[in-house]
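Have a look at the structure below before the remarks.
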Amino acid sequence: MADEKAGRFPDPHEFQVPPELEGWEEMYPSHYLFSKDRENWEKNQFWYQDKIHAPEPMPPLDLIFQEAWQISLSQYTTRVFCIPPAQGIAQRMVGPYMYICAIAPPPEEIIAEKAGLFEKRVFYVFEHYDELWDKWLTKVKALGKEMAAVEIPRELPKFVPEDQVLPAPTGCYVSYDLIEAFDKLVNQMFKGWQYHFEMLNLTYLAYLMFGDVSRKLFPGISESAIGKMVAGAYVSMFRPEEELCQLSRLATSLRGVTDILKSEMSADQKIAELQKTPDGKQWLEAFDKAKDPWFYVSCGSGWFHHEGSWINNLDIPYSYIKSYVERLENGETIERSLDTLDKERDETVAKYRELIQNDEDRESFEGAYNTIRTIYRYAEDHLFWVEHWFHTIWFSKIREFGSLLVNNGMINEVDDLFMFNRYEIPELLTEVATGWALGVDIPMRGEYYKAKADKRKKILQAAGEWNAIPALGVPPEEVAEPFTIMLWGVTTDKVKEWLKGMGEGAVTPGDISEIKGFASSAGVVEGKARVLKLLKEIVDLQPGEILVSPSTNPSWAPVFTKIKAAVTDIGGLTSHAAIVCREYGVPAVTGAGIATSAIKTGDIIKVDGDTGVITIVERAG
């Protein structure tokens, strides 16, 4: 247990997980475990659960995304753009949950050495962002297409086809192709994540710099006012929803289309009905044109294989379109109000510009403001192209290996493949390739791998019922690392709350009447709360309610024109929820920590996006 009086959490080397998780260690690479040879260093770090990227038990193969971002984020900070005081972020597994730590700043001489490189490299990116973005998008799209084109053998032939032998042997055959294809997909994933962080840290850095300039020039300025000046970005992550809006409006102009779209039929049934009329075919043509790439969006965060995506579950976009069509027929507006957003932003900027007293300060403000307005869209642009489009392609390709392994009796179900980490899967594929190469009727260890997958699924299920400890080790006197605060929402006060919540006499969620988080999007509203934790629960959300959730993700975008405000447990000022709410002009408090446990559906709550305070006004009966 945490020791509030001592101001620390359990030692990561002594902490014990529940007995029903026995065997969890074998699921993950050894370098992800706390270890004796790194004990002194690990004990001196503050580890907290990463609820942004890993809020639920981690399937072994899904860990590949975490491996990729740990390397990429850290190298760009420490070795590429050389952000002077910053180091990387280390990861460890405790049970099936991932914990991270922001590594303490390097020695002063290293900071000084990095500073010279930082200024030259970072400001070049700021000044040339538009052309660099065009190059970035070109190579990301090319990589995604390269990944989609990887050929994965659907089956192992009885005999190699003759055209691979005569008139000249090709030299390499399906046994080699199988292993090479998996290696390609792994390498392409890591390459995609190398691209992912090319400018992301600089995006957050630009926000920090603009915030620092604003607080210096305008003492007492709220974080929500800073956020409002940044709002109004035209970014890729909003395109899926914009496409749905356009398709919904098109439907209202075509004969008989809306009746089909409003029906309770499945997506496949609706498509079959629409194919029967010229107007229906016209609408389907527009729908098919929008699908690639804009429906390559995850039904969740894009981090877990079980979330699915729009392109693989068309019932999702069709359900959103049904809702939009009904709202249009009721005379409602379904698009975010860009004109209003732009007007409010410009008015806020003009208000603060008038307070500037001299040319030097004016130059400082305009420089920081122009930089953040230029580069900040990368935060949501990259999100679509990597964590959604790119990940969706990867999941689709990797499942082809799952089908092959099922057909060869190595696993029971396609998705059992995700019960093995990226280092183990070549073992399964090698056994299949070896058995095929040896000849017919060669026994393989299918039962061994099936049993291992079943055991791991049980461990993950048990982990889902375990309330994992929020942190391990000794927290710093003050949480000062800017990305930790801004993205993860971990602050000194938040750490103190964790300690109090785990000590004797801790306040129960039902006794809480006020919650503090980040003032992420301006505005004050009061209304009925709707606590949602899963995508499928969105159908319960009513217009005018306040969304309360652990976090938000891009597939939830259609709800932001329906809600009064948003509250999240996780995330700071640059989290997805914070950005999206600013873009929709919806008040928001993020990083509230215990909101989903303290607030119940039906509670009347007041959300103050200017101060970051959530007040429970009246409990539901």
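To convert, take the position in the sequence shown, counting from 1, and add 8; that gives our numbering.
Cβ atoms here follow ideal geometry from the backbone N, Cα and C, with glycine treated the same way.
Every value quoted in this text rests on a predicted model; they were computed, and no experiment measured them.
Collapsed DSSP secondary structure at residue i in the structure displayed
i	result
SER230	coil
GLN283	coil
THR619	coil
GLN630	Outside the displayed span of the chain (9 to 629) sits residue 630, for which this structure offers no information.
LYS224	helix
GLY704	Absent from the structure is residue 704, since the part of the chain shown begins at 9 and ends at 629.
SER528	strand
TRP55	strand
THR576	strand
GLY513	Here GLY513 scores only 49 on pLDDT, less than 50, and its place in the model should not be relied on; the value that follows carries that caveat. Three-state result, GLY513: coil.
LEU69	coil
VAL588	helix
CYS109	strand
SER605	helix
LEU540	coil
THR341	coil
SER557	strand
GLN95	coil
MET427	helix
THR598	strand
MET155	helix
GLU22	coil
Distance between residue j and residue i (C-alpha atoms, nearest Å)
i	j	result
VAL482	ALA596	31 Å
ALA76	ASP424	22 Å
PHE398	GLN196	10 Å
ILE607	ILE467	30 Å
TYR105	GLN469	12 Å
ALA445	ARG344	59 Å
HIS204	ALA189	22 Å
GLY629	PHE17	37 Å
GLY513	LEU507	Because GLY513 carries a pLDDT of 49, less than 50, the predicted location of this residue cannot be relied on, and no value is offered for it.
LYS224	VAL130	22 Å
LYS614	GLY535	7 Å
TYR242	SER261	26 Å
TYR326	ILE401	21 Å
GLU522	GLY620	11 Å
LYS284	ALA441	47 Å
GLY599	VAL498	8 Å
Test item: CB-CB of residue i and residue j under 7 Å
i	j	result
SER557	LEU540	yes
SER256	VAL305	no
ILE612	VAL625	yes
GLU206	TRP144	yes
ILE493	GLY617	no
MET237	THR356	yes
GLY410	PRO65	no
ILE97	TRP496	no
ALA573	VAL533	yes
ALA298	GLU251	yes
GLY103	VAL25	yes
PHE42	PRO20	yes
ILE587	GLU388	yes
ILE108	ASP58	yes
HIS313	PHE226	no
ALA239	ARG353	yes
LEU164	VAL182	yes
PHE54	PRO484	yes
PRO639	PHE126	Here the chain comprises residues numbered 9 to 629, so residue 639 is not present and cannot be evaluated.
GLY316	HIS396	no
PHE134	SER244	no
LEU186	LEU436	no
GLU489	THR500	no
Inter-residue CB distance, residue i and residue j (contact presumed, cutoff 8 Å)
i	j	result
ALA537	ASP577	Not quite, the Cβ-Cβ distance comes to about 13 Å (not below 8 Å), so this is no contact.
GLU30	PHE246	Not quite, the Cβ-Cβ distance comes to about 45 Å (not below 8 Å), so this is no contact.
LEU193	ILE406	6 Å
SER232	ALA530	4 Å
PHE198	PRO248	Not quite, the Cβ-Cβ distance comes to about 26 Å (not below 8 Å), so this is no contact.
ASP296	ARG263	About 20 Å; that fails the 8 Å criterion.
THR266	ALA259	5 Å
THR211	TYR384	6 Å
GLY454	GLY417	4 Å
GLN95	TYR40	At roughly 19 Å, the Cβ-Cβ gap does not stay under 8 Å, so GLN95 and TYR40 are not in contact.
>> Can you confirm whether the region 562-577 touches the region 266-274 when touching is taken to mean that 3 or more C-beta pairs between the two stretches lie within less than 8 Å?
In response: no
> Do three or more CB pairs link the region 429-444 to the region 24-38 at distances below 8 Å?
Replying inline: yes
> Is there contact here, the region 68-75 with the region 44-54, by at least three beta-carbon pairs under 8 Å?
Replying inline: no
> Is it a yes or a no for the region 78-97 touching the region 433-451, going by three-plus beta-carbon pairs under 8 Å?
Replying inline: no
>> Taking 8 Å as the cut-off, does the region 377-389 touch the region 210-230 (at least 3 CB pairs, one atom from each stretch)?
In response: yes
> Does the count of Cβ pairs from the region 360-377 and the region 271-288 closer than 8 Å reach three?
Replying inline: no
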